[in-house]
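Residue numbers (my numbering): 578 to 962. Glycine residues also receive a C-beta, built at the ideal position from the N, C-alpha and C atoms. Values in this document were obtained by computation on a predicted structure and should not be read as measured data. First comes the structure, then the notes that go with it.
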Ligand code: F3S
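This is how it looks when you write it as structure tokens:
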């Protein structure tokens, strides 16, 4: 990889030993993928936000960064808290949470604590190179905002944030952002999260282009999150909707490698058939935005939930929602508002069996959950017939 003078100096220790190690990590990472250079980034998003006791080497590295006084060079956001205070088992398993949060503060990381960092906090423009980790956020940055990032790992995100660079390969290059698989829809009742799940399973790590459908911003978020979980998709396009796909002709360089058709039956097959078994209901993964919570709020007005129900929201959205009239009606109906990651928080908890979620990402990662559409979940809550 060819480095410029400033990068060479950083690599050679002119900015200290820890900075040199961060540069070395990025250079090795880039070399492994035949990157030709490091490019400047405009933002970073860090995924390693769960203070799980076992990952000691991560804390040692973070500690060295903090002790050396390194701070992030670009606006950097961070993934959700893991629900460490939710109950005793979580407190024990996630006993490094406070250390991690103190360290992030010293490094100058924005304490947004959400995977939906793009919801008004970290919003790069089309074409900007960024270094994000967290597969659902990567999907949103690439697909919905048109920024450029690979699916970076924990530590690569930190090294990029403190150096301000990332190796240029993969989705950082325009030629790798073109459509590969054409997705046709034969769906009467759209469920974007389920659709994302099925696309991810079938295209794995290719770039799908979905024929035009007027998905909302929230639907794109939930669809992308699911696609990145059931597959390894980092970028999708929707014809005539997402920024790099004004039409099919411009997004495909050549004939699609494959044409997939997703049907209503595919969507319906994912749904649980028996809501009577549902033990609790969880909404929000990726984190719910205010828009999403407001959209659901009307159903809970004057109602009382039949089963334990929670909304997992961005901390900023939660704060605003709980102050609002709508939010107060939702909590009066018995809904708990959280701002942690449901997958992290509920993984160690017993009793996830038949927890129902309208997030296909949560369904994929959280053992014992069932999948249902938003309407299924509202029915299970007893607020919709
Ligand atoms: Fe976010 Fe946790 Fe889901 S990080 S995408 S709420 S698994």
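- Task: Kindly examine the ligand F3S and report whether one of its heavy atoms sits closer than 7 angstroms to the Cβ of residue 938.
- Result: yes
- Task: Assign residue 715 to one of two classes, buried (16 or more other C-beta atoms within 10 Å of its C-beta) or exposed (fewer than that).
- Result: buried
- Query: Measuring from the CB of residue 656, is there a heavy atom of the ligand F3S at a distance below 7 angstroms?
  - Reply: yes
- Message: As a quick exercise: from 812, 759, 649, 752, pick the residue whose alpha carbon is nearest that of residue 734.
- Response: 649
- Message: Is it the case that the segment 755-774 contacts the segment 800-813, given that we only count it when at least three CB pairs across the two stretches are under 8 angstroms?
- Response: yes
- Message: Checking the sheet assignment: what are the DSSP bridge partners for residue 641?
- Response: Paired residue(s): none; residue 641 is not in a bridge.
- Query: Short check: CB of residue 652 to CB of residue 702, under 8 angstroms?
  - Reply: no
- Task: Using only alpha-carbon positions, find the residue among 596, 829, 646 that is nearest to residue 741.
- Result: 596
- Task: Note down, in chain order, each residue of its chain lying with its Cβ closer than 6 angstroms to the Cβ of residue 805, except the 5 sequence neighbours on either side.
- Result: 712, 713, 716
- Task: For residue 644, count neighbouring C-beta atoms within 10 Å of its own C-beta (all shown protein chains included) and say buried if the count is 16 or more, exposed if not.
- Result: exposed
- Query: Looking only at its own chain, which residues have a Cβ that is under 7 angstroms from the Cβ of residue 601, when we skip the five neighbours before and after it?
  - Reply: 588
- Task: Please confirm whether any heavy atom of the ligand F3S lies closer than 7 angstroms to the CB of residue 892.
- Result: no
- Pick from 816, 700, 677, 660 that is closest to residue 618, judged by C-alpha positions: 700
- Query: Short check: CB of residue 809 to CB of residue 728, under 8 angstroms?
  - Reply: yes
- Query: Buried or exposed: residue 626, going by 16 or more other Cβ atoms within 10 Å of its Cβ?
  - Reply: buried
- Task: Determine the direct distance from the alpha carbon of residue 641 to that of residue 682, and round the result to whole angstroms.
- Result: 14 angstroms
- Among 902, 887, 895, nearest to residue 934 - alpha-carbon criterion: 887
- Is the segment 946-955 touching the segment 839-853, taking contact as three or more C-beta pairs under 8 angstroms? yes
- Task: Please go through the same chain and pick out, in chain order, the residues whose beta-carbon is closer than 7 angstroms to the beta-carbon of residue 661, but skip the five residues on each side of it.
- Result: 628, 667, 668, 671, 674
- Task: Give the secondary structure of residue 729 by DSSP, where H, G and I count as helix, E and B as strand, and everything else as coil.
- Result: strand
- Message: Give me, in chain order, the residues of the same chain whose beta-carbon lies closer than 6 angstroms to that of residue 775; leave out the 5 immediate sequence neighbours on both sides.
- Response: 839, 843
- Message: If I measure Cβ to Cβ from residue 624 and keep anything under 7 angstroms in the same chain, skipping five residues before and after, which residues do I get?
- Response: 656, 710, 711, 731, 734
- Examine the ligand F3S and report whether any of its heavy atoms sits within less than 7 angstroms of the Cβ of residue 921. yes
- Enumerate, from N- to C-terminal direction, the unbroken beta strand (DSSP E) stretches of 3 or more residues contained entirely within the segment 824-867. 835-840, 857-865
- Using DSSP with H/G/I as helix, E/B as strand and the rest coil, what is residue 889? strand
- Based on Cα-Cα distance, which residue from 860, 939, 868 lies nearest to residue 924? 939
- Item | Which listed residue (871, 763, 785, 658) has its alpha carbon closest to that of residue 753 | 785
- Query: Within the chosen definition, does the segment 736-750 reach the segment 813-820 through at least 3 CB pairs nearer than 8 angstroms?
  - Reply: no
- Message: For the ligand F3S, is there any heavy atom lying closer than 7 angstroms to the beta carbon of residue 713?
- Response: yes
- Item | Per DSSP, the bridge partner or partners of residue 658 | 917
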